[in-house]
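The opening residue of the sequence shown carries number 11 in the numbering used here; numbering runs sequentially from there.
We put the beta carbon where it would ideally sit given N, CA and C, even for glycine.
For clarity, every value in this text was computed on a predicted model and none was experimentally measured.
Worksheet: the structure to be examined is printed underneath.
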Amino acid sequence: MEDKTSQFKIILGSSSLPRRKILTEMGYEFTLMSADIDEKGIRKEKPEELVMALAEAKADAILQRLPVSDYVKEAEPTLLITSDQVVVYEGVIREKPANEEEAHQFIKGYSGGHAATVGSVLVTNLKTGFRKGEWDRVEIHFHEIPDEVIEKLIEEGNVLHVAGGLLIEHPLIKPYIKQVPRHYRQTFPKLVLLSLGLSPAYG
């Protein structure tokens, strides 16, 4: 695959496996750093404002651990990419479930209904200090989700580590997705491209 990072280096400030996979599929090489922040300590009423604030807080936390003065001197810029996502259900913002009981409540609520994911991407140029961020919202509709499927998802444990306990592309949950916009999986790469000042090839 063609390496697109010849003009800049990338640090992905995330431990998310899906985001790492997507960025790799886009043809970018990158190094990884994760931000250790108190996400519950950052509150905003609007989900769009919350995901942007969390992406900024993650960037700030990572910057404190980086020798930024060294990046300023380098010929090619280094870009730090941070992101966040929440789920909105019946007007309420949902982040990662606190426990298995809450995860069950979350997923059970989606059954036969709909929810929205709101995601953000923030790109920080470590050479210039310039930042640019974008957010996107995607509506998802569900068929009835059987209790045994919910139990299997919770037993597996991954739903405890994602916003709203929602893993859209999980093989157990995919059969119960009634409607998801075609661009759902393109949301993260689209936001990355927009934040890099590039034009995505899709809407």
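Counting other Cβ atoms within 10 Å of its Cβ, residue 162 stays below 16 and is therefore classed as exposed. In this structure, the CA atom of residue 60 is about 29 Å from the CA atom of residue 79. Judged by beta-carbon spacing, residue 91 lies beyond the 8 Å limit of residue 126, meaning their Cβ atoms are not closer than that value.
Look at the segment 79-151 and you find these whole runs of beta strand (DSSP E), each 3 residues long or longer: 88-99, 102-104, 124-135.
Ranked by Cα distance from residue 101, the first of 57, 146, 31 is 57. With contacts defined as CB atoms closer than 8 Å, residue 97 and residue 170 fail to qualify as a contacting pair. Judged by DSSP secondary structure, residue 22 falls outside any alpha helix (DSSP H) and instead within the beta strand (DSSP E) spanning 19-22. Sequence-distant Cβ neighbours of residue 164 in its own chain, meaning closer than 7 Å and more than five residues away, are 110, 113, 114. Closest by C-alpha distance to residue 55, out of 136, 103, 47, 99, is 103. Per DSSP, the unbroken alpha helix (DSSP H) holding residue 164 starts and ends at 157-166.
For residue 68, the three-state secondary structure derived from DSSP is helix. Bounds of the beta strand (DSSP E) holding residue 188 are 187-189. In the DSSP annotation of this structure, the continuous segment of the alpha helix (DSSP H) that includes residue 33 starts and ends at 27-35. Between the alpha carbons of residue 25 and residue 75 lies a distance of about 16 Å. When the Cα atoms are used, residue 89 and residue 157 turn out to be separated by approximately 43 Å. Rounded to the nearest whole angstrom, the C-alpha separation of residue 82 and residue 44 is 21 Å.
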